[in-house]
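S.K.: In the numbering used here, the protein residues as written are 44 to 260.
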Amino acid sequence: MFKNQFSLILFVLLSACAKEASEPVDTVSSLRDRMKSTKVEKKESFWSTANTLEERQQKMEKIIEADDPVMVIDMHDMGGWEFDELLEDPFPSYIRALDGKEIITRGFMMPDIDFEHIQKFHLVRSLYACCFGAPPQLNEILRIELADPEGMDYTYNTLEVRGILRVVFEMEDGLVEDLLRLENATYRVLDFEDPGAPIDFDAATGFDGVVPSGGPY
């Protein structure tokens, strides 16, 4: 009898866990809930291992040639070119070809003055490199415009974003505006995985004093 009761309890627990795991991330939940990890399938295969500008360009050209309805792109490869603001059209042809395409990419929200209900923000491939290394170039930053007007709260976890990419060269008051913009974007909060951080880096303490701590959350 005890064995049957134990089996029943185990079944109920497993069912509850399976239900919880299948529920999507709630974009209006608290910051603490939003920073809970979401399981990532084959996450180790997402980040590009291309090193030179030529290798990064070749990877991008293969993606464009495949012409998938939704292109999965590492920002490392998308930013693998030299930006020259003196050119009338500074974009390589393979980057210009991405304009209007739906893409999925991953990165980190750059810390800003806003902490809650952020509807527009900048995404970088590595938060560690951004905070402790050389600042990213303009062509290595992606401006995100979320579809949800309520936005999201700040998190240092990895974000996966999906939306329509716009490739734009505009200047205002002598300053270059954002070159790469993701419109009508949706997002998922994933496990912290920064390709630019040391293997033993602890995000829970490593960003103290550098990124928002979460205040009361």
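Glycine included, every Cβ here is placed at the ideal spot set by N, Cα and C. Every value quoted in this text rests on a predicted model; they were computed, and no experiment measured them.
#1: Please state the DSSP three-state secondary structure of Gly206.
#2: In terms of alpha-carbon separation, which member of Glu131, Leu130 and Ile147 lies closest to Trp90?
#3: Are there three or more Cβ pairs, one per stretch, closer than 8 Å when the segment 135 to 146 is compared with the segment 188 to 197?
#4: Candidates Asp245, Glu215 and Thr198: which alpha carbon is nearest Met153's?
#5: For Ser65, name the three-state secondary structure that DSSP assigns.
#6: In angstroms with no decimal places, state the Cα-to-Cα distance between Phe42 and Arg99.
#7: I want to know whether the segment 200 to 215 touches the segment 223 to 235 - three or more CB-CB distances under 8 Å.
#8: Thinking Gly206 and Glu183 are a contact (beta carbons under 8 Å), I'd like their distance in whole angstroms, please.
#9: Please state whether the Cβ-Cβ distance between Leu189 and Ala246 is less than 8 Å.
#10: Within 10 angstroms of the Cβ of Gly30, are there 16 or more other Cβ atoms? Answer buried if so, exposed if not.
#11: Alpha carbon to alpha carbon, what distance is there between Asp157 and Ser169?
#12: Whole-angstrom Cβ separation of Leu185 and Val219, contact assumed at under 8 Å?
#13: Helix, strand or coil: how does DSSP classify Ile156 here?
#14: Could you compute how far the alpha carbon of Ile107 sits from the alpha carbon of Phe151?
#15: Specify, as a first and last residue, the run of the alpha helix (DSSP H) that Lys102 falls within.
#16: Between the C-alpha atoms of Lys102 and Leu223, what's the straight-line distance to the nearest angstrom?
#17: Select from Asp251, Asp243, Glu213 and Pro241 the residue whose C-alpha is nearest the C-alpha of Phe134.
M.R.: Let me spell this out:
#1: Gly206 falls in the strand class under three-state DSSP.
#2: Nearest option by C-alpha distance: Ile147.
#3: These segments do not touch.
#4: For the residues Asp245, Glu215 and Thr198, the minimum Cα distance to Met153 belongs to Thr198.
#5: With a pLDDT of 41 at Ser65, under the threshold of 50, the modelled position of this residue cannot be trusted; read the value that follows with caution. Note: Ser65 maps to helix in three-state DSSP.
#6: Lying outside 44 to 260, the shown extent of the chain, residue 42 is not represented and no answer is given.
#7: Put simply, the segment 200 to 215 touches the segment 223 to 235. At least three CB pairs are less than 8 Å apart.
#8: Between Glu183 and Gly206 the Cβ distance is about 18 Å, and since that is not below 8 Å, they are no contact.
#9: No; because the gap between Cβ atoms is not below 8 Å, this pair is not in contact.
#10: In the structure as shown, the chain begins at 44 and stops at 260. Residue 30 is therefore absent and cannot be evaluated.
#11: Approximately 20 Å between the Cα atoms of the pair.
#12: With a Cβ gap of about 15 Å, Leu185 and Val219 do not count as contacting.
#13: Reduced to three states, the DSSP call for Ile156 is coil.
#14: Approximately 24 Å between the Cα atoms of the pair.
#15: Leu96 to Ala109 is the span of the alpha helix (DSSP H), which, as asked, contains Lys102.
#16: About 18 Å.
#17: Of Asp251, Asp243, Glu213 and Pro241, the smallest CA-CA separation from Phe134 is found for Glu213.
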